[in-house]
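No gaps in the numbering here: position 147 of the sequence shown is 147 in the UniProt record's numbering, and each next residue is one more. For every residue, glycine included, the Cβ atom is placed at its ideal position computed from N, Cα and C. Bear in mind the structure is a predicted one, so any value in this text is a computation, not a measurement. Working notes, structure below.
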Amino acid sequence: MANKPISARFTLELEFVLCLANPDYLGHLAHAFPHLLVSPEGTAASTETDATKFVRYLEYLYDYWRKPEYSQYLTHPGTTLRNLELLQQEQFRKDLINIHFRQALIDRLAVFDPPPGLPANDAAVEGEAVQPQAVNQDVVAADTVAVQA
């Protein structure tokens with residue numbers, strides 16, 4: 001079977017989902033494009049906002065890129081797919097504005113998806129899933145300590 005040429009859309013979406021693995025990029029989205037992550041206060045639930053459209057797009061990307069024939073192109077598939085899944089949760093998107101929350105994501109990234117040549121955390125190797133609640137609780141604990149200091 002001959003290889004099909006890679007389309008511009010495929011390349012564009014691949015570059016975008018790879019960026020979503022980076023907590024600093026998620027922070028950039030939260031600051032530069034907050035309307036994509038959180039619907040404005042007072043918006044009726046039935047109103048289609050930029051945020052609801054973006055969540056649908058994220059759902060599409062997650063469903064597409066988790067397929068083995070496409071996930072093979074992801075340089076950090078675990079982090080990329082985890083962030084795509086977490087971005088579908090409203091609380092996670094709201095929390096991205098918080099620098100401490102993003103730092104917790106960065107810290108977790110170093111443990112579960114280390115740079116090449118460094119060993120991964122044993123729990124990550126055994127396939128322990130990273131739950132958004134765990135990230136949120138880590139950040140809440142860090143914020144509590146920072147406020148008390």
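For this session: Would you mind stating whether L81 and F54 have Cβ atoms separated by less than 9 Å?
Result: Taking the sequence shown and counting its residues from 1, the one referred to as residue 81 is at position 81. Taking the sequence shown and counting its residues from 1, the one referred to as residue 54 is at position 54. Not in contact: L81 and F54 (Cβ atoms no closer than 9 Å).
Problem set entry | Three-way DSSP call (helix, strand, coil) for R9 in this model | By one-based count along the sequence shown, residue 9 stands at place 9. When secondary structure is reduced to three states using DSSP, R9 falls in the helix class.
Exercise. Measuring CB to CB, does F10 end up less than 9 Å from L61?
Worked result: Here residue 10 is taken as the residue at index 10 of the sequence shown, counted from 1. Here residue 61 is taken as the residue at index 61 of the sequence shown, counted from 1. Result no, Cβ atoms of F10 and L61 do not sit closer than 9 Å.
For this session: Count the other C-beta atoms from every protein chain shown that fall within 10 angstroms of the C-beta of L20, then say buried if there are 16 or more, exposed otherwise.
Result: On the sequence shown, position 20 is the one that residue 20 refers to. Burial call: buried.
Problem set entry | Collapsed DSSP secondary structure at R66 in the structure displayed | Locating residue 66 in the sequence shown gives position 66, counting from the first residue. DSSP places R66 in coil when its eight states are reduced to three.
Problem set entry | Beta-carbon proximity check, L74 vs L29, cutoff 9 Å | Along the sequence shown, one-based indexing puts residue 74 at 74. Along the sequence shown, one-based indexing puts residue 29 at 29. In this structure, L74 sits away from L29, with a CB-CB distance that is not shorter than 9 Å.
Problem set entry | Other residues of its chain near A51: CB distance less than 8 Å, five sequence neighbours each side excluded | The count along the sequence shown starts at 1 and reaches residue 51 at position 51. Here the set comprises H35, L36, L37, V38, S39, R93.
For this session: May I have the straight-line CA-CA distance separating L87 from S7, to the nearest angstrom?
Result: Working through the sequence shown from its first residue, we reach residue 87 at position 87. Working through the sequence shown from its first residue, we reach residue 7 at position 7. Rounded to whole angstroms, L87 and S7 show a C-alpha spacing of 25 Å.
Problem set entry | Simplified DSSP assignment, three categories, for F33 | Here residue 33 corresponds to residue number 33 of the sequence shown, with the count starting at 1. It is coil, neither helix nor strand.
Problem set entry | Residue nearest to G27 in terms of C-alpha spacing, selected from E41, T79, E85, F101 | As a first step, residue 27 must be located in the sequence shown, where it is residue number 27. When each option's Cα is compared against that of G27, the closest is F101.
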